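Here is the structure we will look at, set down as C-alpha cells.
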Amino acid sequence: MAAVTLGETPLTRIGLGTNRLTNTPENVAFVRDAVAAGIRLIDSAHTYTGGESEQTIGTALSSSRDGCVVATKGGYGSGRPEVLGAEIDESLRRLRTDSIELYYLHKPDPETPLQESLGAIDEYRRRGAIQHIGVSNVSVAEIERAREVAPIAAVQNHYNLSERTHDDVVDYCADNDIVFVPYFPLRADAGPAVAEIAKPHGATPQQIALAWLLRRSPATLPIPGTLSPEHLRENLAAVDIELTDEEFEALR
109 MAAVTLGETP LTRIGLGTNR LTNTPENVAF VRDAVAAGIR LIDSAHTYTG
159 GESEQTIGTA LSSSRDGCVV ATKGGYGSGR PEVLGAEIDE SLRRLRTDSI
209 ELYYLHKPDP ETPLQESLGA IDEYRRRGAI QHIGVSNVSV AEIERAREVA
259 PIAAVQNHYN LSERTHDDVV DYCADNDIVF VPYFPLRADA GPAVAEIAKP
309 HGATPQQIAL AWLLRRSPAT LPIPGTLSPE HLRENLAAVD IELTDEEFEA
359 LR
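Residues 109 to 360 (our numbering) make up the sequence shown, in order.
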C-alpha cells in the first residue's frame, strides 16, 4: 500500500492511537520502539489521560522525531479561541516542541462559530507553532466551512467496518487530497465473514479490518490504539495484506 502524504511528508498508512497512554518509563520506551518499528503518525489529544499521553510522547521523542508526525487535538470541552490558545500552549510544552506537526479541532463547539475556533488555530499555524490543521468529528458541510478559514490537511472521524456513518466524508477527503484518519478502527462487529477471509491470508480478523480500511480509500490512515509491541507490529503488517475485489465487496 502506498504511503499517504501530509503536506510533503509521506506517512506509513497505519498510525498509533494513544488515548490510554500514561507517563511511565515502559510507555516512553514503547513510543520509541513504535517509531523504530515504522510508525510515522502518533495521535494524541490535550484531554488524553489527563495530559500524560502528550507528556509521554514528548519525553520519548524530545531528542529525535525520526520523521514521525505527532498529531494532537484541542477544543474538546470548548472551542472558544482563548481556551484553544491555552490548550495549544500547554500541548507545545508537554510535547517538548516549538511546532506541532498536525493539530486538530477535537470537535465543533455548538456555542462557538467554527470560523472562530479554526481562526484561533490558524493564528498558530501562521506563526509556525502548528504546521498542519485538521478537524475531527465533522460532517462534509463542516469540513467545507473549515476550509474557508484555513487549509485542512486531515480529518479524523469514527469509522470502521461496522460504523459507516461517515462514508461521504471518506469520499470527500479522497477527492480533495485530505488525509482521512479513522479512529476506533478496530471497534467493529463485522461478523463471521472477517474470520473466513482472514484464514487464507494467514491473518487475524483485526488485520483484515485494517486492510479493508486501507482498501476503502487511498486517503485512509487508521490509528489503532495499543500498548502492546506485539499488537503494534501486527497492525503494521496489515499494510501488506491485499484483499481481492470479492473479499472487499463481501465486507462492504
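Built from N, CA and C at the ideal position, the CB exists for glycine as well.
Predicted, not measured: the structure shown is a model, and the values here were computed from it.
Residue i in three-state terms, based on DSSP
i           : result
residue 250 : helix
residue 170 : coil
residue 114 : strand
residue 197 : helix
residue 346 : helix
residue 97  : Outside the displayed span of the chain (109 to 360) sits residue 97, for which this structure offers no information.
residue 274 : coil
residue 429 : Outside the shown range of the chain (109 to 360) lies residue 429, about which nothing can therefore be said.
residue 209 : strand
residue 179 : strand
residue 293 : coil
residue 202 : helix
residue 218 : coil
residue 338 : helix
residue 191 : helix
First through last residue of the alpha helix (DSSP H) which encompasses residue i
i           : result
residue 356 : 353 to 359
residue 227 : 222 to 234
residue 138 : 133 to 145
residue 322 : 313 to 324
residue 305 : 300 to 309
Cβ-Cβ distance between residue i and residue j below 8 Å
i           : j           : result
residue 282 : residue 327 : yes
residue 149 : residue 329 : yes
residue 270 : residue 237 : no
residue 199 : residue 162 : yes
residue 183 : residue 213 : yes
residue 101 : residue 262 : Past the edges of the chain, shown from 109 to 360, lies residue 101, and the structure says nothing about it.
residue 293 : residue 303 : no
residue 126 : residue 333 : yes
residue 243 : residue 250 : yes
residue 264 : residue 115 : no
residue 358 : residue 305 : yes
residue 309 : residue 260 : no
residue 318 : residue 128 : no
residue 340 : residue 124 : yes
residue 331 : residue 291 : yes
residue 228 : residue 193 : yes
residue 209 : residue 179 : yes
residue 141 : residue 337 : yes
residue 164 : residue 136 : yes
residue 325 : residue 278 : yes
residue 121 : residue 347 : yes
residue 157 : residue 130 : yes
Residue i: first and last residue of the uninterrupted beta strand (DSSP E) it sits in
i           : result
residue 265 : 260 to 266
residue 154 : Counting along the chain, residue 154 falls outside any beta strand (DSSP E), and DSSP gives it neither H nor E.
residue 184 : Per DSSP, residue 184 belongs to no beta strand (DSSP E) and is neither H nor E.
residue 243 : 238 to 244
Beta-bridge partners of residue i, as assigned by DSSP
i           : result
residue 288 : 263 and 328
residue 125 : 151 and 333
residue 119 : 112
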